[in-house]
Structure formats: structure tokens, C-alpha cells
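Residue numbers (the numbering used here): 8 to 159.
Here a beta-carbon is modelled for each residue, glycine too, at the ideal position from N, C-alpha and C.
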Amino acid sequence: MDTVDTKTRSKIMKSVPQKDTKPEMRLRKALHGMGFRYRLHDKRLPGSPDLVFPKYKAVIFVHGCFWHRHGCKQTTTPSTREDFWRAKFKANVERDKKNDSDLETAGWRVLTVWECELKKAAENDLFEKIREFLLYRMNENAEELPIAEIEG
8 MDTVDTKTRS KIMKSVPQKD TKPEMRLRKA LHGMGFRYRL HDKRLPGSPD
58 LVFPKYKAVI FVHGCFWHRH GCKQTTTPST REDFWRAKFK ANVERDKKND
108 SDLETAGWRV LTVWECELKK AAENDLFEKI REFLLYRMNE NAEELPIAEI
158 EG
């Protein structure tokens, strides 16, 4: 059972940041320190990716594990209004897949970085893996794009 009324819960949920989150800011700071330059939340692209690297024809989404259903221990489902939450999470995941597909169809390389991975970035060489993803160059004989998600 929720401990606050519906109106208060709505206000709380609306206050959850959608951009410039702590995980996103940590990634931005690290990549900027490595010399990468990027655009933020380009609304002209499907899903308004968190980071856009036109020079590398690559985008990065920084996803919260709870909202985008990573499957780690942070991926819990609230015990109240379970039908609402299941539908909400399903729509989020479907939207993410469509955005990724639309971006790939348009020639962009897509990387999803999860909130929990950023918390342990140093121990899993996350920033080095992202650097390699960004610097990856398609050669004429390559048939596949690099990984679309980094597992920590």
C-alpha cells in the first residue's frame, strides 16, 4: 500500500529528472575528460538520445534500471497498482526498442549504458569500453555494427 495519497505521489513522480541525471552527468564528465565532444538530447533524433556524437555517427542512452527494466536488482515493481506499472514498463521498453531500431535504420550506432553499470564503472572498465565503441570505425567489409549494449 502506498504511504502517500495519489496527488502527492503524482507530484513526486513528476519531479524525477528525465535529463541531466547523476548517472548521465557522471558519464558526460568522463567522456568530456577523454576529449569527446557531443550534443545533448537532440530532439531531431528518435528518442532524443542523451548524448549524440555526430563525428562518430553514434548515440548513447543512459537508462535508469527501474524505468527501462534492466533486469538487475534495481528493477523492482511497486506492489501497488501492479497492472498500471506493468503496462507503463512495457510501453517504456517497447519505445526504447523502436527508438533504437529507428536510429539504426538511419545509420546511427546505438549504445545503452545502464545506471547500475555507471555505479561500478571503474571496476568493469566501462569508460574504456565506451571509448572503444565511439572510436570503432566501420570498414567496407564489416557486416555488423558493434554491440548495442555494454554488459558490466
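On the three-pair Cβ rule with 8 Å, is the stretch 39-48 touching the stretch 97-105?
-> no
By Cβ distance below 6 Å, which residues in the same chain neighbour K26 in space, the five residues on each side in sequence not counted?
-> H48
With a threshold of 16 other CB atoms inside 10 Å of the CB of K14, please say whether the residue is buried or exposed.
-> exposed
Does the Cβ-Cβ distance between H77 and E135 come in under 9 Å?
-> no
Can you give me the Cβ contacts of P54 inside the same chain, cut-off strictly under 6 Å, excluding the 5 residues immediately before and after it?
-> Here the sequence assigns Gly to residue 54, which means Pro is not the residue at that position. Cβ within range, chain order: N106.
Contacting residues, own chain, Cβ-Cβ under 6 Å from E31 (five flanking each side not counted) = D57 and V69
Compute the Euclidean distance between the alpha carbons of L38 and W115, then round it to the nearest angstrom.
-> 19 Å
In whole angstroms, what is the alpha-carbon distance linking E111 and F43?
-> 21 Å
Span separating the alpha-carbon of I109 from that of I67 | According to the sequence shown, residue 109 is Asp rather than Ile. Computed Cα separation, rounded: 14 Å.
Per-residue burial, E130 [other beta carbons within 10 Å of its own, 16 or more giving buried] | exposed
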